[in-house]
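Count the sequence shown with this note's numbering and you get residues 1498 to 2010, in order. Notes follow the structure.
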Amino acid sequence: MATNPPNTNNAKVSIDHSHQRPLQPSNAKPTYSLIRTNIIRITPESMQCKLYCRGPACKYCSPTGWSEADQAIRGLYSSWVTDEMLAMSRPTQIAMQQYDILKQFKQTKIKTIINLQSLNEHAFCGPPLLLSGFSYDPEVIMKNNVYYYNFAMPDFGVSNVYSILNIVKVMWFALKQGRVAIHCHAGLGRTCTLIACYLVWSQSMTAADAITYVRSKRKNSIQSMKQIMLVEQLAGIMEKYAVVLPMELGQSIESYFITQNDFIASEEVRKYSHVPKVIFVICDRLLRLIFEKNVRYEMGPEEAIHNVRSCTIGKIVVKWKKAFATKGRAQMRYVVNLFARLSAFPFEKNEAVQTRFQSEVTLVSIDEALDGIDASQLVSLLNYYMDTFKRPFCKQEELISAFERFSPNNTALENTRANATTIDSTGQSTDNTGRKRHSHCNAPWQCLVFYLCNALSYVIGENYEVIVDLIAIWLTNEVNVNVKSAIHNHMRDLFARNLSEQEREALDYKNVA
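Structure, rendered in structure tokens:
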């Protein structure tokens, strides 16, 4: 099945472009020495196959000669590196027919093939290549409802780290469809390097752990020093730029979104283009502590005009019945007390949370990292995170105006074209008359703030006053009386809206009964 991968070509990599990339040393040793690697690289390809691969008798292109343990897929030198990712030598047309490899792919739920070879690579190894330029026909793969991608990498070499970031995002997409099989020539060097990079990116593994793990599943893999250094380089970049709590504070919201989008999966880029992923997942966990599974995000019809209240996240919809159950009430009281304490003692620190999310957890792995942590840690993490931004977000008058403009009492205002907010080609906000809004008060800023306030209104209920000072500090780094008043009024209006929702829900239950 032919498919277009998520669009990763337009990513603006905001990380350090100097020649000295951050590295995370692994002390891993290559299976091929530098001298041997260089000799192979300067040998003409036609001679490489004959000298090093035995030409037509190449064992990696042969379906025979491998033990059963070396054939996760019969007819291929292959190993399951993870439960979902298979490393394999390149399939040949003969093996595919003789061992019905496509049927085996279906039986093992492999839905994607990733080919890391270049066209006409290792042309003198094994059976002759097909007209496709490979040892099999990709069209046959796709006609059998298997996704197929070709990301060419040099043999014994690697792509640059920016290309790898794009490829692992495609792998993330592919793994959502089913299992993934990856191959180069032997399925040892480039293939296992890519899998190690995926583990670094998706699970926050260190370079050393990723390389050790992959080699434990696929012997003699990740062969050259360049391949080891690529894994180290990606790990170093993730450690420096993709952690949940950056070491360097004071980043503007605009630049933060660029950095975030460099690392998160392409499918998530649109969803979190105006509301940072970290804010969403923390608030979502707080909501689910109280409302459990009764939280959803309702998206309206696609509109040309961006709606700040629903943004790309959707309108929060909850079942209030859960909040009034014994467990829901207890959780809400606990969360309210946490925010009250944080407002009273804003400099009180949870160093364990800070250390973990500053060094171990990335924007990619945060979903799994939040599993099982309690409300205290969530609130602490949210406070640390909001402190990382450059403040104030905008001028006080712009902030106050925005709280008035997007009050729950003004529900019709945003739907009128005269007051709608859009983003022009320069990234600035404009209204529909073409007038530019203040450069520091743009749609991404508005969406972040109003999603945060909206989500918190559901978890603190009538106790919204306990969070007013805290929100003021998060947005302006001070407690200004006018800003505080605007926030107070906005949170009060959100509470009034929530009361109306509760009344409607109670009436619905009464009518059903």
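Using N, Cα and C, we set each Cβ at its ideal position, and we do this for glycine too. If you're wondering where the values come from, they're calculated on a predicted model, not measured in any experiment.
When the options are compared against residue i, the one with the closest alpha-carbon
i, options, result
"ASN1986", "VAL1976, SER1904, GLN1943 and VAL1963", "SER1904"
"MET1722", "ASN1960, ILE1776, PRO1527 and CYS1555", "PRO1527"
"LYS1816", "LEU1879, LEU1662, ARG2001 and GLU1848", "ARG2001"
"LEU1742", "GLN1521, GLN1943 and ASN1880", "ASN1880"
"CYS1780", "LEU1945, PHE1844, GLU1848 and GLU1729", "LEU1945"
"ILE1679", "PHE1602, HIS1619, ILE1708 and LYS2007", "PHE1602"
"TYR1961", "GLN1730, ILE1984 and GLN1720", "ILE1984"
"TRP1707", "CYS1694, ASN1717 and SER1718", "A small fix is needed here, since residue 1707 is Ala in this sequence, not Trp. Ranking the options by Cα distance to ALA1707, first place goes to CYS1694."
"ILE1638", "ALA1704, ILE1610, GLN1730 and TYR1769", "ILE1610"
"GLN1604", "HIS1619, PHE1844, LEU1627 and VAL1677", "VAL1677"
"ALA1993", "TYR1882, SER1982 and GLY1958", "GLY1958"
"VAL1980", "LYS1768, GLU1894, SER1656 and SER1718", "GLU1894"
"SER1752", "GLU1736, PRO1773 and LYS1768", "PRO1773"
"THR1688", "LYS1666, MET1702 and GLN1724", "GLN1724"
"LEU1606", "ASN1641, LEU1628, SER1586 and ARG1587", "This sequence places Lys at residue 1606; Leu is not what is there. The shortest C-alpha separation from LYS1606 is found at ASN1641."
"VAL1805", "PHE1842, TYR1596, CYS1950 and ASN1657", "CYS1950"
"GLY1811", "TYR1948, ASP1567, ILE1598 and ASN1717", "TYR1948"
"SER1701", "GLN1521, ASN2008, GLN1943 and MET1988", "GLN1521"
"LYS1737", "THR1756, MET1726, GLN1720 and LEU1727", "THR1756"
"VAL1978", "LEU1896, ASN1847, ILE1598 and GLU1618", "LEU1896"
"ASP1759", "LYS1846, SER1807 and LEU1662", "LEU1662"
"ARG1989", "ALA1566, ASP1597 and GLU1901", "GLU1901"
"GLU1848", "GLN1874, ARG1838, ALA1841 and ILE1870", "GLN1874"
"PRO1843", "MET1883, ASN2008, ASP1652 and ARG1587", "MET1883"
"ARG1587", "SER1564, ASP1597, GLU1565 and HIS1619", "HIS1619"
Cβ distance (whole Å) where residue i is taken to contact residue j below 8 Å
i, j, result
"VAL1697", "ALA1732", "5 Å"
"ILE1813", "ALA1952", "6 Å"
"ALA1649", "LEU1613", "7 Å"
"ALA1592", "GLY1572", "4 Å"
"TYR1574", "HIS1682", "About 10 Å separates the two Cβ atoms, so there is no contact after all."
"LEU1691", "ILE1664", "7 Å"
"PHE1821", "ILE1964", "Going by Cβ atoms, the distance from PHE1821 to ILE1964 rounds to 21 Å, so no, they are not a contact pair."
"SER1770", "THR1809", "6 Å"
"GLY1675", "LYS1608", "3 Å"
"SER1699", "VAL1876", "Going by Cβ atoms, the distance from SER1699 to VAL1876 rounds to 27 Å, so no, they are not a contact pair."
"GLN1595", "PRO1560", "6 Å"
"GLN1943", "ALA1899", "6 Å"
"LEU1727", "VAL1655", "4 Å"
"LEU1685", "ASN1657", "Not confirmed; about 21 Å, so no contact."
Spatial neighbours of residue i in its chain, beta-carbon cut-off 7 Å, leaving aside the 5 residues before and after
i, result
"VAL1956", "LEU1783, LEU1784, ILE1787, MET1829 and VAL1832"
"LEU1878", "ILE1779, VAL1850 and PHE1854"
"ALA1866", "VAL1858"
"THR1885", "LEU1742, PRO1743, LEU1746 and GLN1748"
"SER1615", "ALA1649"
"SER1856", "VAL1740"
"TYR2006", "none"
"GLU1998", "TRP1817"
"GLY1623", "PRO1553, CYS1555, CYS1558, SER1559, THR1589 and SER1632"
"ASN2008", "none"
Beta-ladder partner(s) of residue i, from DSSP
i, result
"TYR1645", "ILE1610"
"HIS1680", "MET1585 and ASN1612"
"ARG1793", "VAL1814"
"GLN1568", "SER1575"
"THR1859", "VAL1740"
"GLN1828", "DSSP, once it has assigned bridges, lists no residue as partnering GLN1828."
"PHE1886", "GLN1748"
Contact set for residue i: own chain, Cβ-Cβ below 6 Å, skip 5 residues either direction
i, result
"SER1576", "ALA1569, ALA1584, LYS1714 and ARG1715"
"LEU1991", "PRO1905 and SER1954"
"SER1523", "ALA1704, ALA1705, ILE1708 and GLU1729"
"ASN1834", "none"
"ALA1525", "ILE1708 and ILE1725"
"LEU1627", "ASP1634"
"LYS1768", "THR1809"
Proximal residues to residue i (C-beta, below 8 Å), its chain only, five neighbours per side dropped
i, result
"VAL1976", "ASP1966, ALA1969 and ILE1970"
"LYS1819", "ILE1787, PHE1788, GLU1789, ASN1791 and GLY1825"
"ASP1864", "VAL1778"
"ASP1567", "TYR1574, SER1575 and SER1576"
- Message: Taking contact to mean 3 or more Cβ pairs, one atom from each stretch, closer than 8 Å, check whether the region 1784 to 1799 and the region 1755 to 1770 are in contact.
- Response: no
- Task: Examine the Cβ distances between the region 1637 to 1648 and the region 1561 to 1580 and report whether three or more of them are shorter than 8 Å.
- Result: no
- Message: Taking contact to mean 3 or more Cβ pairs, one atom from each stretch, closer than 8 Å, check whether the region 1621 to 1637 and the region 1669 to 1681 are in contact.
- Response: no
- Message: So, does the region 1966 to 1979 touch the region 1883 to 1890, judging by three or more C-beta pairs under 8 Å?
- Response: yes
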